[in-house]
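Read top to bottom, the protein sequences are chains A and B.
One point on numbering: in this note's numbering, the residue at position 92 of the first sequence is 92, and numbering is uninterrupted.
One point on numbering: in this note's numbering, the residue at position 32 of the second sequence is 32, and numbering is uninterrupted.
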Amino acid sequence: EAGVVQSPRYKIIEKKQPVAFWCNPISGHNTLYWYRQNLGQGPELLIRYENEEAVDDSQLPKDRFSAERLKGVDSTLKIQPAELGDSAVYLCASSKRTGGQEKLFFGSGTQLSVL
Amino acid sequence: GESVGLHLPTLSVQEGDNSIINCAYSNSASDYFIWYKQESGKGPQFIIDIRSNMDKRQGQRVTVLLNKTVKHLSLQIAATQPGDSAVYFCAETSETSGSRLTFGEGTQLTVNP
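Structure, rendered in structure tokens:
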């Protein structure tokens with residue numbers, strides 16, 4: 001069974017440019033998460049989807065970040081415009097359902113460098 | 001706010017020794033705990049989990065101990081191997097936080113051959 005697939009693996013952009021990340025979760029996993037991981041720290045949740053509905057986006061900086069999961073499967077996370085402080089690894093994860101006590105399976109992440 | 005943190009940022013052990021990685025949490029409502037292993041350039045990988053109604057759970061070469069009285073969690077790795085070298089994160093969640101998994105800062109484990 002394929003794991004969570006993310007692309008691209010690396011992205012280097014100049015500040016003020018837009019950038020997008022793509023995630024394909026594990027087949028059958030209804031819940032999808034986007035996390036941001038700064039160097040040396042644990043991941044922090046940005047947004048959680050249950051099917052196509054964003055059920056927890058309280059930590060998503062909505063002035064510049066947006067996400068979508070139109071058909072309840074693949075998801076994209078966008079930053080526009082990017083700032084220097086956005087440099088981090090953006091991780092996508094999925095689980096079969098939500099409600100706590102669920103194992104999250106992570107992709108390898110997209111490493112973003114904003115110059 | 002509530003947080004999950006680790007006592008030691010780095011741990012270096014000899015191959016074959018047992019490793020113990022510790023984690024403290026502050027949310028008394030936490031009811032589910034997970035240990036993740038993250039190798040360089042990869043996403044966190046699930047190792048083992050434990051629910052708050054348990055004190056100990058064993059897996060293959062790994063054991064997680066939970067002490068709810070002092071809000072402490074530990075991961076024991078038996079016969080540590082070079083392939084165990086990675087950053088280890090504890091994470092917790094609770095019904096009050098829904099499915100929001102809160103991660104600690106991580107411990108870098110280095111296994112010397």
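The C-beta atom is built at its ideal place from N, Cα and C for all residues, glycine as well.
These numbers come from a predicted model, not from an experiment.
Asked	Found
Chain B within 8 Å of F126 of chain A, Cβ atoms only	Given a span of 1 to 115 for chain A in the structure shown, any question on residue 126 of chain A remains unanswerable.
Three-state secondary structure assigned by DSSP to E95 of chain B	helix
Alpha-carbon spacing of L6 of chain B relative to S113 of chain A, whole angstroms	Because the pLDDT of L6 of chain B is 43, which lies under 50, any placement of that residue in the model is unreliable, and the question is left without a value.
Exposure of S94 of chain B, with buried meaning 16 or more beta-carbon neighbours within 10 Å	buried
Proximal residues to G28 of chain A (C-beta, below 8 Å), its chain only, five neighbours per side dropped	K96
Simplified DSSP state of Q39 of chain A, which is helix, strand or coil	Strictly speaking, residue 39 of chain A in this sequence is Leu, with Gln absent from that position. L39 of chain A falls in the coil class under three-state DSSP.
CB of G109 of chain A within 8 Å of CB of V89 of chain A, strictly	yes
Chain A contacts made by the region 20–50 of chain B, where a contact means CB separation under 9 Å	D31, Y32, I34, Y36, Q38, G41, K42, G43, P44, Q45, F46 and D49
Chain A contact residues for R100 of chain B, given Cβ-Cβ distances below 7 Å	L45 and D56
Limits of the unbroken beta strand (DSSP E) element including L65 of chain B	V62 to N67
At least 3 beta-carbon pairs within less than 8 Å: the region 45–53 of chain A vs the region 61–79 of chain A	yes
Closest residue to A29 of chain B among B:G106, B:T102 and B:E15 (Cα-Cα distance)	B:T102
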